[in-house]
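Student:
Residue numbers (my numbering): 2 to 263.
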């Protein structure tokens, strides 16, 4: 039976951020994820999790200058020291919040830049991140993202992400399989889940193409949820979508699963 985590960056935007934990718990969520925790003290976020009986499933390491358009620094030549500091910062938060998955964003590449140089930096940085996170029992995940939502993002395909993980060779480095991004770039979701599940560390969902609830659009999510169960995935499935209207009003799709879990 799938276990869902509310993405508090995209969902419950009708509430202030710190109030979204309570809203998610009221709707039956047992876990949450979000992009970045760094505007808040880790202890304050942990208090919200504990108050509402929620598990922290995932968050992202610092991505560089997000406001200026940066979308990660893991593959950026010349930013290696900053990347290492970002991993240290993220692990400090994870030790408090209790999540065992940490997403490291690859970053952007311009057409004139060397993909080989970026890839070399990316592999070295991921090896460092995985080794550092291992002491805390944390799995580092990397996510292929479509270039419609983030033009120029370095990592776009599932097979490339899998190859990178295999080359680094760390047991705690896995792929964050976002079905929304994969459908836009590649499609053939069921086949890729069957092929890649052993090294999938986290799953995320959204309707395609609008990125609303997963009960509309071109993806048959009930079928995929059943397949994910059959393949033995027991992690959280992050609901990283933008609700069409009110978040709670759009949760009809999840209620049968919440009821089945009791």
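Glycine residues also receive a C-beta, built at the ideal position from the N, C-alpha and C atoms.
1. Just the Cα atoms here: how many angstroms apart are residue 231 and residue 224?
2. Taking the alpha-carbon of residue 17 as reference, which of 254, 49, 80, 131 has the nearest alpha-carbon?
3. Measure the C-alpha to C-alpha separation of residue 238 and residue 4 and round it to an integer number of angstroms.
4. Within this structure, are the beta carbons of residue 58 and residue 34 separated by less than 8 Å?
5. Does DSSP classify residue 253 as helix, strand or coil?
6. Which residue or residues does DSSP assign as beta-bridge partners of residue 56?
7. Whole angstroms is fine: what's the gap from residue 258's alpha carbon to residue 216's?
8. From residue 25 to residue 7, what distance separates their C-alpha atoms?
9. If you reduce the DSSP assignment to three classes, tell me which class residue 204 lands in.
10. Within 10 Å of its beta-carbon, does residue 126 have 16 or more other beta-carbons around it, so buried, or fewer, so exposed?
11. Is the beta carbon of residue 212 sitting closer than 8 Å to the one on residue 234?
Tutor: According to the structure data:
1. Taking the chain shown and counting its residues from 1, one reaches residue 231 at position 230. Taking the chain shown and counting its residues from 1, one reaches residue 224 at position 223. Straight-line Cα distance between these residues: approximately 11 Å.
2. Working through the chain shown from its first residue, we reach residue 17 at position 16. With distances taken between Cα atoms, residue 17 lies closest to 49.
3. Locating residue 238 in the chain shown gives position 237, where the first residue counts as 1. Locating residue 4 in the chain shown gives position 3, where the first residue counts as 1. In a straight line, the C-alpha of residue 238 is about 6 Å away from that of residue 4.
4. Taking the chain shown and counting its residues from 1, one reaches residue 58 at position 57. Taking the chain shown and counting its residues from 1, one reaches residue 34 at position 33. Going by C-beta atoms, residue 58 is nearer than 8 Å to residue 34.
5. Numbered from 1 along the chain shown, position 252 holds the residue referred to as residue 253. In the structure shown, residue 253 sits in a helix (DSSP, three-state: H, G or I).
6. Sequence index remark: in the chain shown, residue 56 carries index 55 (1-based). Checking the DSSP bridge columns, you'll see residue 56 partnered with 32.
7. Residue numbering aside, residue 258 sits at position 257 when the chain shown is read from its first letter. Residue numbering aside, residue 216 sits at position 215 when the chain shown is read from its first letter. If you take the alpha carbons of residue 258 and residue 216, they lie about 13 Å apart.
8. Within the chain shown, the letter at position 24 stands for residue 25. Within the chain shown, the letter at position 6 stands for residue 7. One C-alpha to the other measures close to 7 Å.
9. Working through the chain shown from its first residue, we reach residue 204 at position 203. Looking at residue 204 - three-state DSSP - the assignment turns out to be strand.
10. Numbered from 1 along the chain shown, position 125 holds the residue referred to as residue 126. Under this definition residue 126 is a buried residue.
11. Residue mapping note: residue 212 aligns to position 211 of the chain shown, counting from 1. Residue mapping note: residue 234 aligns to position 233 of the chain shown, counting from 1. Contact flag unset, no.
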